[in-house]
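Numbering (our numbering), first residue to last: 16 to 306. For each residue, glycine too, the CB sits at the ideal point set by N, CA and C. Computed from a prediction, not measured in an experiment: that's the story for all the values here. Here the structure comes first, spelled out in structure tokens, and everything after it is commentary.
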Ligand SMILES: *[C@@H]1O[C@H](CO)[C@@H](O)[C@H](O)[C@H]1NC(C)=O
Ligand SMILES: *[C@@H]1O[C@H](CO)[C@@H](O)[C@H](O)[C@H]1NC(C)=O
Ligand SMILES: *[C@@H]1O[C@H](CO)[C@@H](O)[C@H](O)[C@H]1NC(C)=O
Ligand SMILES: *[C@@H]1O[C@H](CO)[C@@H](O)[C@H](O)[C@H]1NC(C)=O
Ligand SMILES: *[C@@H]1O[C@H](CO)[C@@H](O)[C@H](O)[C@H]1NC(C)=O
Ligand SMILES: *[C@@H]1O[C@H](CO)[C@@H](O)[C@H](O)[C@H]1NC(C)=O
Ligand SMILES: *[C@@H]1O[C@H](CO)[C@@H](O)[C@H](O)[C@H]1NC(C)=O
């Protein structure tokens, strides 16, 4: 028959615990001698020092190999997206719809363009981007020769958009039926749109529906060209004053004054038939003027 375990009083248990904390018989503290405690503490100190060291080393190696000037995890974007301004949406597509006889309506459109062009202000551009770029060729920069360890960026003053610059006509043609839109291509670091700078990218707009409502399409700068000197883009840190080159397109609307337009940036290395990304290389929008 098993003997019942001796019931112990609370006082005895406290005494046991006290003996565990400090056992004067064999001189142990919490079950170990002070000497052992010193060893075990040293062991843990050394352990954590080594762990911290390894961790710091790993971080240091990572930081050392990362260059702040190029993103290491660049999106798998190989072909840039294209956008249009005024960027006013209808139900789901960009719909540039306005009323020529309602000032508030067309002012809404021209204000969007004025706001968008603020960084392109001539005075500002010539101040921020004083470098005299050579047009017609890629602006390859190996070294950081601009102030504060940066690279130069070419100026794009809004006056380059001619009749669509908002300078002579602050309404951008929205007070009548000759609206201007502005086409911008997104930046991709180190991207060159063509194999050789002799055939620069250009914007080509085609009317998908309502052909008879568009009398004329004009491009600014001439031929809708994006000059090669704006490429490649080296990143925000390397080129803090960079601005995307723009192309403005003016449509002369007649008849029903509405059309579905596709503007494409045409270039060897820019694809536009990606069904997963309808904005790759092109933008589609509706234009509509009412009276
Ligand atoms: C355009 O605006 C004018 C003046 O506000 C207004 O009379 C006219 O009905 C508007 N047209 C349309 C189609 O909304
Ligand atoms: C550019 O900025 C200057 C100074 O801020 C201003 O006087 C001028 O009107 C601006 N130009 C345009 C086209 O907005
Ligand atoms: C360079 O950096 C300094 C300090 O950040 C700044 O004061 C100065 O304006 C910068 N120079 C240029 C040309 O950007
Ligand atoms: C539109 O504005 C421009 C510039 O302000 C002006 O020259 C033109 O006469 C205006 N057109 C209409 C139809 O009001
Ligand atoms: C441009 O280069 C790409 C590869 O980088 C090549 O596939 C293409 O055929 C070249 N185009 C021309 C016109 O040389
Ligand atoms: C623009 O695109 C249309 C349709 O794809 C084409 O017929 C036309 O030749 C192109 N224009 C230029 C200048 O490439
Ligand atoms: C525009 O294109 C035409 C025809 O391709 C060409 O003759 C002309 O030199 C171009 N103009 C500019 C400024 O690139």
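Tell me whether residue 298 is buried or exposed, calling it buried when 16 or more other Cβ atoms sit within 10 Å of its Cβ.
With 16 or more other Cβ atoms inside 10 Å of its own Cβ, residue 298 counts as buried.
Just how far apart, CA to CA, sit residue 17 and residue 51?
The predicted model places residue 17 with a pLDDT of 49, which falls under 50 and marks its position as unreliable, so this point remains unresolved.
Starting from residue 240 and walking both ways along the alpha helix (DSSP H), at which residues does that stretch end?
Premise fails: residue 240 is in no alpha helix (DSSP H) and is neither H nor E.
Any idea what DSSP makes of residue 280, helix, strand or coil?
Residue 280: strand per DSSP, three-state reduction.
Anyone know if the C-beta pair for residue 169 and residue 128 falls short of 9 Å?
In this structure, residue 128 does not lie closer than 9 Å to residue 169 by Cβ.
For residue 289 and residue 60, what's the separation of their Cα atoms in angstroms?
Rounded to whole angstroms, residue 289 to residue 60 spans 58 Å at the Cα level.
Can you check which of these residues, 301, 172 and 146, is closest to residue 110 by C-alpha distance?
Looking at the Cα atoms, 301 is the closest of the given residues.
Cβ contact check for the segment 265 to 282 and the segment 186 to 204: 3 or more pairs under 8 Å
Taking 8 Å as the limit for Cβ pairs, the verdict is that the segment 186 to 204 does touch the segment 265 to 282.
Indicate whether residue 234 and residue 262 have their beta-carbon atoms separated by less than 9 Å.
In this structure, residue 234 places its C-beta atom within 9 Å of the C-beta atom of residue 262.
Name, in chain order, the residues that DSSP records as bridge partners for residue 295.
DSSP output for residue 295 lists 96 as bridge partner(s).
Coil, strand or helix - residue 137 by DSSP
Helix at residue 137.
Straight-line gap, residue 67 to residue 249 (C-alpha atoms, nearest Å):
Straight-line Cα distance between these residues: approximately 36 Å.
Which residue spans inside the segment 131 to 189 form an unbroken alpha helix (DSSP H) run of at least 4?
The qualifying runs are 137 to 143.
Count the other CB atoms, across all protein chains shown, that sit within 10 Å of the CB of residue 285; report buried if there are 16 or more and exposed otherwise.
Result: buried.
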